[in-house]
Structure formats: C-alpha cells, structure tokens
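The sequence shown begins at 1 in the UniProt record's numbering and counts up one residue at a time. The beta-carbon is built from N, C-alpha and C at its ideal position, and this holds for glycine as well. Working notes, beginning with the structure itself.
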Amino acid sequence: MKQLVAILSGAGVSTDSGIPDYRGPAGLWQRDPDAQKLVTYDYYMADPDIRRRSWLMRGEHPAWRARPNPAHTAVTALAATGTAVRVITQNVDGLHQLAGLPDRKVLELHGNARTVLCTSCDDRTTTEQALDRIAAGEPDPACLRCGGILKTATVMFGQALDSEVLGHARAIAQACTVFIAVGTSLQVQPAASLVGVAADHGARLIIINAEPTPYDDLADEVIREPIGTALPTLLATLTATTAEHSG
C-alpha cells in the first residue's frame with residue numbers, strides 16, 4: 001500500500017520562524033485575555049474600535065517578516081521524494097506554502113491571514129492591500145465593492161470551520177498510513193479529533209509536542225524534542241523507509 005503521510009501542524013511549528021504561540025503557557029491569550037476580543041467574530045463585527053485595533057495588531061504581526069524554518073522545509077523535502085504528503089494546518093501564516101509545498105497539499109483549517117474577504121459580498125483581496133489602506137489613513141477599511149466590513153480570511157473565535165475543508169481533512173485522516181501531530185496542544189476541537197480518526201483507521205500515530213496532549217496515550221510514539229530538529233529527523237527516517245520499501 002502506498003504510504004500517505006498526514007501532518008497536523010500547530011503553532012509550535014512556526015515559533016522558530018518568530019511567530020509566537022498564542023495559546024501556550026506563555027502565549028498571548030494567557031497573558032492578555034482581553035486580546036481575544038480582537039479575533040472574536042461578534043466583537044469584531046459589532047465594534048469599529050475593535051476592528052481598528054485588530055487591524056493594527058495584524059499589521060504589526062511578525063508573520064509578515066517570518067520565513068519558513070527547518071520544520072517547514074523538511075515537509076517540502078519529504079514531498080519532493082515522491083512520498084504522498086498532506087498538511088492539515090491550524091496555522092494561518094502560509095509558511096508551508098512559502099517553503100514550497102503546493103497549495104493543493106495544504107489544508108488550512110483556520111484560514112489564511114494573507115487574504116482579506118468582505119463579510120457581505122465575499123469579495124477577496126490581499127491583506128497587504130488592506131494594510132496599505134490603513135497606512136494611508138483608513139483605520140477600518142471597508143469593501144471597495146459593496147462597502148461591507150472586511151476581515152482576514154481566518155476563522156475567528158465564534159466562527160465555525162469551513163465544513164468542506166474539515167470534511168477533506170477527515171478523509172485524509174482516515175486514509176493516511178502515518179499521522180504526525182506536531183506543535184499542537186490538541187486541545188482545540190474539531191481539529192484535535194483528527195488524531196483519533198487516524199488512530200481508529202489504523203494509522204501509525206506520532207505526536208511531537210513539548211507539553212503533554214490529551215492524545216498521547218493513543219500515540220505509537222511521543223517526541224518531546226524541539227520541533228526544528230525532531231521533525232526533520234523523523235521525516236528523514238520516513239524517507240529512508242519509503243526508499244527501502246520501493247527498492
């Protein structure tokens with residue numbers, strides 16, 4: 001049977017690129033719970049001041065300066081060997097694609113911060129365009145097509161995940177031979193449930209995370225080493241195994 005490697009990537013994958021983990025023990029949500037309002041849908045839609053502050057936060061976000069790190073490039077390198085790879089990511093930074101992984105191999109559960117959509121007419125533009133308008137003096141830029149409220153194409157608190165994307169992710173979890181959950185606390189549903197789906201369908205389950213997760217007991221292997229070295233090492237092992245089986 002052809003090997004399919006599914007990788008569920010969380011915030012920990014991007015910390016080596018300088019993007020903070022908002023949910024971890026030292027994350028922003030722990031230090032400043034009020035900051036959650038800036039990414040909570042109902043607050044955002046109802047309050048122009050929340051939108052203004054949210055746009056400022058996005059403009060200052062380190063994701064705009066971030067570059068892929070060894071964890072991202074290791075995934076791309078695995079795909080380049082011919083191994084079937086699908087990334088299911090909780091991140092919105094687009095770093096998997098910047099590392100060279102094709103869009104079709106990346107499922108973004110929580111959307112993408114590099115795109116902006118209109119909440120009224122669904123027109124899509126780039127976040128860079130919105131930030132340029134803010135820099136030019138529009139603190140809360142409206143849709144140029146219909147005047148509606150703009151937001152990044154990310155899933156805010158209080159919004160449901162895209163059902164089509166989630167369905168595709170579940171299908172991958174059911175079909176994969178190896179499922180790697182990396183840099184995620186596995187506390188957020190329904191993303192975390194994909195781990196159980198993969199295990200129930202016979203996948204080899206590997207968890208790479210500094211802190212314990214609710215799914216550690218299901219895993220065939222739990223790795224606590226730093227992601228920037230642990231994931232490349234693991235994926236290199238998978239590459240060698242694939243080469244042996246095909247040789």
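Report yes if the CB atom of residue i is closer than 8 Å to the CB atom of residue j, and no otherwise.
{"i": "Ile-7", "j": "Val-92", "result": "no"}
{"i": "Ile-207", "j": "Asp-216", "result": "yes"}
{"i": "Ile-229", "j": "Ser-185", "result": "It should be noted that the sequence gives Thr, not Ile, for residue 229. Their beta carbons are not under 8 Å apart, which means Thr-229 does not touch Ser-185 by this criterion."}
{"i": "Gly-158", "j": "Tyr-41", "result": "yes"}
{"i": "Ser-14", "j": "Ala-66", "result": "yes"}
{"i": "Ser-126", "j": "Ala-153", "result": "Per the sequence shown, residue 126 should be read as Thr rather than Ser. Their beta carbons are not under 8 Å apart, which means Thr-126 does not touch Ala-153 by this criterion."}
{"i": "Ala-169", "j": "Leu-107", "result": "yes"}
{"i": "Gly-12", "j": "Ala-210", "result": "yes"}
{"i": "Asp-140", "j": "Pro-48", "result": "yes"}
{"i": "Gln-90", "j": "Leu-109", "result": "yes"}
{"i": "Val-182", "j": "Thr-83", "result": "no"}
Assign residue i to one of three DSSP states: helix, strand, or coil.
{"i": "Glu-192", "result": "For the record, residue 192 in the displayed sequence is Ala; it is not Glu. If DSSP states are grouped into helix, strand and coil, Ala-192 belongs with coil."}
{"i": "Pro-25", "result": "Confidence at Pro-25 is low in this model, with a pLDDT of 48, below 50, so its placement is unreliable and no value can be given for it."}
{"i": "Val-155", "result": "coil"}
{"i": "Arg-145", "result": "coil"}
{"i": "Val-92", "result": "coil"}
{"i": "Ile-19", "result": "coil"}
{"i": "Thr-239", "result": "helix"}
{"i": "Ser-14", "result": "coil"}
{"i": "Leu-8", "result": "strand"}
{"i": "Val-182", "result": "strand"}
{"i": "Thr-40", "result": "strand"}
{"i": "Thr-233", "result": "helix"}
{"i": "Leu-161", "result": "coil"}
{"i": "Val-197", "result": "helix"}
{"i": "Gly-100", "result": "coil"}
{"i": "Leu-109", "result": "coil"}
{"i": "Arg-124", "result": "strand"}
May I have the straight-line CA-CA distance separating residue i from residue j, to the nearest angstrom?
{"i": "Arg-224", "j": "Gly-202", "result": "23 Å"}
{"i": "Ala-99", "j": "Gly-167", "result": "25 Å"}
{"i": "Lys-37", "j": "Trp-55", "result": "12 Å"}
{"i": "Lys-151", "j": "Val-87", "result": "25 Å"}
{"i": "Pro-102", "j": "Ala-171", "result": "19 Å"}
{"i": "Met-45", "j": "Arg-51", "result": "8 Å"}
{"i": "Glu-221", "j": "Leu-238", "result": "14 Å"}
{"i": "Cys-134", "j": "Glu-128", "result": "Correcting the residue type first, residue 134 is Ile in the shown sequence and not Cys. The alpha-carbon atoms of Ile-134 and Glu-128 are separated by roughly 10 Å."}
{"i": "Ala-136", "j": "Asp-21", "result": "30 Å"}
{"i": "Glu-60", "j": "Lys-2", "result": "44 Å"}
{"i": "Ala-71", "j": "Ala-142", "result": "37 Å"}
{"i": "Gln-189", "j": "Ala-198", "result": "15 Å"}
{"i": "Leu-117", "j": "Val-75", "result": "29 Å"}
{"i": "Ala-130", "j": "Leu-95", "result": "20 Å"}
{"i": "Leu-231", "j": "Arg-145", "result": "44 Å"}
{"i": "Val-195", "j": "Val-39", "result": "26 Å"}
{"i": "Asp-34", "j": "Ile-227", "result": "30 Å"}
{"i": "Met-57", "j": "Trp-64", "result": "12 Å"}
As a quick exercise: from the options, pick the residue whose alpha carbon is nearest that of residue i.
{"i": "Thr-233", "options": "Arg-52, Ile-180 and Ser-14", "result": "Ile-180"}
{"i": "Lys-105", "options": "Val-197, Leu-231, Asp-21 and Ser-9", "result": "Ser-9"}
{"i": "Arg-204", "options": "Leu-194, Ala-219 and Leu-107", "result": "Ala-219"}
{"i": "Asp-16", "options": "Pro-62, Ala-160 and Leu-161", "result": "Pro-62"}
{"i": "Ser-163", "options": "Ala-199, Gly-196, Gly-111 and Asp-132", "result": "Gly-111"}
{"i": "Ala-236", "options": "Leu-117, Thr-73 and Val-195", "result": "Thr-73"}
{"i": "Arg-53", "options": "Cys-118, Gly-196 and Glu-138", "result": "Glu-138"}
{"i": "Val-155", "options": "Leu-194, Leu-231, Ala-113 and Ile-227", "result": "Ala-113"}
Hey, does residue i have any beta-carbon neighbour from chain B nearer than 8 Å?
{"i": "Thr-152", "result": "This model lacks chain B altogether; it includes just one protein chain."}
- Query: Do three or more CB pairs link the segment 165 to 175 to the segment 113 to 122 at distances below 8 Å?
  - Reply: no
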